[in-house]
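Peer 1: In UniProt numbering, the protein residues as written are 1 to 247.
C-beta atoms are modelled at their ideal positions from N, C-alpha and C, and glycine is treated no differently.
Questions regarding the structure given below will be posed in turn.
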Amino acid sequence: MATIKADASNVFDDRGYSGPTVRGGVNPVTLIEKAMRERIIESMYWKEQLFAVNEAMICDRAINLTHVGGSVNNRPTPFICILLKLLSLVPSEEIILEMLNYEEDEEPESGDENDNNDGERNGNTEDRYEKEKAGKVGSFKYLRALAAFYVRLTMEPVQVYKTLEPLLLDRRKLKYRRQGGFTLTYLDEFVDNLLTQPRICGTSLPALPPRSVLEDLDLLDPRESPLADEQESQSQSQLEPGPGQQE
């Protein structure tokens, strides 16, 4: 009896692919190793939850995620399944940024006014960039983790750093599914691993030049630590003579 593969098409075949590409002509789904791809498209989660899902529906699946992870006992997690589906859809950058900052529609009427006020208060370039690229802390942390993973896999190095570094301020807890069970991690740690580790969630990451190299090429400005002002203030107070130390 023939096996029917849900969503099986040439998008999952390395040969003769003519659809949208990323990172200079790469078929995005091939960024997930072939063995993992095959396990994913044979999984029940893929066939039951991701069959015929489009860009408008993918967020509905992602907001119900309860943990991150690759595969456990050769069974792919929902997180990595949705990631592959996202790679097959190749959504626009605007959609990915929206996923990074996705919020429940509970404050739509006052949102524009609040955004304008925020823009007046945050006048410097870094604050504006963080507002545009990282935005408010989205209601769904696993959706943000998923979008961050997609960014790391598909975008060019400068875009990766500019888009993901603001997320290093997000310290919400995440559950990480591993072979031995669940472990606790944090969203900022997850993003830091995306920027510094060669492999995460059972997936090899594309090579990423060190930030210092991109700074030397004037492609990135030096990154300022959120604690820089506080440290500078402490240093100045230590250099100032005390009441009984003045000449």
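I'd like the ranges of any beta strand (DSSP E) spanning at least 3 consecutive residues and lying wholly in the stretch 155-225.
Peer 2: Those beta strand (DSSP E) runs which fall completely within the stretch 155-225 and span 3+ residues are 173-178 and 181-186.
Peer 1: On the CB-based measure, 16 or more other CB atoms within 10 Å of its CB, does Phe51 come out buried or exposed?
Peer 2: Translated into positions along the sequence shown, residue 51 becomes position 51. Exposed: under 16 other Cβ atoms inside 10 Å.
Peer 1: The alpha helix (DSSP H) with Ser88 in it runs from where to where?
Peer 2: Counting from one through the sequence shown, the residue named residue 88 turns up at place 88. Pro78 to Leu89 is the span of the alpha helix (DSSP H), which, as asked, contains Ser88.
Peer 1: Could you spell out where the alpha helix (DSSP H) holding Tyr45 opens and where it closes?
Peer 2: In the sequence shown, the residue the question calls residue 45 occupies position 45. Residues Met44 to Gln49.
Peer 1: For the candidate residues Glu165, Val191 and Pro20, whose alpha-carbon lies nearest to that of Ala145?
Peer 2: Numbered from 1 along the sequence shown, position 145 holds the residue referred to as residue 145. Ala145 has its Cα closest to that of Val191, out of Glu165, Val191 and Pro20.
Peer 1: Thinking C-beta only, is Leu195 closer than 8 Å to Leu208?
Peer 2: As a working note, residue 208 is residue 208 in the sequence shown. As a working note, residue 195 is residue 195 in the sequence shown. Their beta carbons are under 8 Å apart, which means Leu208 touches Leu195 by this criterion.
Peer 1: Excluding the 5 residues preceding and the 5 following Met99 in the sequence, name in chain order all residues of the same chain whose CB lies nearer than 6 Å to its CB.
Peer 2: Translated into the one-based positions of the sequence shown, residue 99 becomes position 99. Once the five neighbours on either side are set aside, the close Cβ partners of Met99 are Leu143 and Ala147.
Peer 1: Quick check: what's the CA-CA separation for Val72 versus Leu167?
Peer 2: As a position in the sequence shown, residue 72 is number 72, starting the count at 1. As a position in the sequence shown, residue 167 is number 167, starting the count at 1. Rounded to the nearest angstrom, the two C-alpha atoms are 27 Å apart.
Peer 1: Just reading off the alpha helix (DSSP H) that Leu97 is part of, what are its end residues?
Peer 2: Indexing the sequence shown from 1 puts residue 97 at position 97. Per DSSP, Leu97 belongs to the alpha helix (DSSP H) from Glu93 to Leu100.
Peer 1: In terms of DSSP beta bridges, what is Ser71 paired with?
Peer 2: Within the sequence shown, residue 71 is the residue found at index 71, counting from 1. Pro76, per the DSSP bridge assignment.
Peer 1: Quick one: residues in its chain with C-beta nearer than 8 Å to the C-beta of Ile40, no 5 flanking neighbours on either side, listed in chain order?
Peer 2: For the purposes of this step, residue 40 is taken as residue 40 along the sequence shown, with counting starting at 1. The answer, listed in chain order, is Ile32, Trp46, Pro76, Ile80, Cys81 and Leu84.
Peer 1: Leaving out the 5 sequence neighbours to the left and right, which residues in its chain are closer than 7 Å to Asp112 when beta-carbon positions are compared?
Peer 2: Taking the first residue of the sequence shown as position 1, residue 112 is located at position 112. Caution is warranted here: a pLDDT of 45 is assigned to Asp112, below 50, making its placement in the model unreliable, and no coordinate value can be reported.
Peer 1: Here's the rule: buried if 16 or more other CB atoms are within 10 angstroms of the residue's CB, otherwise exposed. What is Ser18?
Peer 2: On the sequence shown, position 18 is the one that residue 18 refers to. Ser18 should be labelled exposed.
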